[in-house]
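This report concerns only the one structure given below.
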Amino acid sequence: MIVNIAIDGPAGAGKSTIAKSVSKELGFIYVDTGALYRTVGLNALRLGKDTKNAEEVVPTLEGLDVSLRFVNGEQRVFLGEEDVSTAIRQNEVSMAASNVSAIPRVREFLFDLQRDIAKKNNCIMDGRDIGTVVLPDAKIKIYLTASAEARADRRFKELTEKGQNVDYHKILEEIKARDYQDMNREIAPLKQADDAILVDTTELNLEQAIEYMLKTIKEHL
């Protein structure tokens, strides 16, 4: 029997990092749906399109090749034959991803790809609407969150350690703006599914969050 685990939650809650570790521990495939939206957003930005404008974004989907591939045991994201796994993590791409994800045609474009992966594999899939829309019948649904301040602090430390000169308050403002946009969009807004388990990592470090997530999943498998 195929087992699907859906993880939803706001930007910066650690979904990708935690889901990657947990999927490796369980021997499941990890699907980062946010990376797919980021790739669509990155492509639109490169083409000079307004990512909030559906009329400009939709034509960029024509012939667009977005794929997830496993390279040396690690999931990488490709735009055509270009590995864009690093490029899609830029701040401007984050907001572009949120913008394009509000466009119905973009969601349709990526929906089939996500569902097809889930049908064929035991997987952990994370995003904004996995438990509510993409995999409503997932065996386990988790809503992973943390306070905006905790998420901003983590992002600030991450970028500072990479040598980037960033402003904590600006990061916090961007996170709050992203939350508002994701939770208030007309199409598939971010929300906790009725049957999802709430996991709040505000007071947990990464190691503790991974351990807690694993324990929670194993209890419900």
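Position in the sequence shown (from 1) plus 237 gives the number in our numbering.
The beta carbon of each residue, even a glycine, is placed where N, CA and C say it ideally should be.
Buried or exposed: where does residue i fall if 16 or more other Cβ atoms within 10 Å of its Cβ makes it buried?
i, result
"ILE424", "exposed"
"ILE454", "buried"
"PHE307", "exposed"
"ASP431", "exposed"
"SER304", "exposed"
"ASP374", "exposed"
"ARG342", "exposed"
"GLY246", "buried"
Return yes when the Cβ of residue j is within less than 7 Å of the Cβ of residue i, no when it is not.
i, j, result
"ALA250", "THR369", "no"
"TYR380", "LEU427", "no"
"ALA387", "LYS413", "no"
"ILE377", "ILE242", "yes"
"ALA248", "ARG415", "yes"
"ALA446", "THR439", "no"
Can you tell me the Cα-Cα spacing of residue i and residue j, whole angstroms?
i, j, result
"LYS252", "ASN290", "28 Å"
"ASP302", "PHE315", "8 Å"
"LEU347", "LEU273", "7 Å"
"GLN327", "THR288", "15 Å"
"GLN418", "THR323", "24 Å"
"GLU398", "TYR405", "13 Å"
"LEU460", "LEU451", "Only positions 238 to 458 of the chain appear in this structure, which leaves residue 460 out of reach."
"ASP366", "ILE340", "14 Å"
"GLN401", "GLU411", "17 Å"
"GLU262", "GLU292", "43 Å"
"GLY264", "ASN358", "11 Å"
"LEU429", "ARG422", "Note that residue 429 is Gln in the sequence shown, not Leu. Roughly 15 Å between the two C-alpha positions."
"GLY300", "GLU456", "43 Å"
What is the C-beta distance between residue i and residue j, in whole angstroms, given that I count them as a contact (C-beta under 8 Å)?
i, j, result
"LYS286", "THR276", "So it is not a contact: roughly 14 Å between Cβ atoms."
"VAL330", "LEU279", "5 Å"
"VAL337", "VAL294", "6 Å"
Among residues of its own chain, excluding the 5 on either side of residue i, which ones have a beta-carbon nearer than 7 Å to its beta-carbon?
i, result
"ALA256", "ILE244, TYR267, ILE361, ASP363"
"LEU441", "TYR449"
"VAL259", "ILE361, ILE447, MET450, LEU451, ILE454"
"SER335", "ARG415, GLN418, ASP419"
"GLN325", "The displayed chain sequence assigns Ile, not Gln, to residue 325. For ILE325, where only same-chain residues beyond five positions count, the Cβ hits under 7 Å are ALA272, ARG275, THR276, LEU279, VAL314."
"PHE393", "VAL403, TYR405, ILE408"
"LEU396", "VAL403"
Tell me which residues share the same chain as residue i and place their Cβ nearer than 6 Å to its Cβ, disregarding the 5 neighbours each side in the sequence.
i, result
"LEU282", "ALA333"
Starting from the C-beta of residue i, find all residues in its chain whose C-beta is less than 8 Å away, skip the five residues before and the five after it, and write them out in chain order.
i, result
"VAL371", "ALA243, THR270, PHE348, GLN351, ARG352, ALA355, MET362, GLY364"
"GLY317", "ASP302"
"ASP320", "VAL308, ARG313, VAL314"
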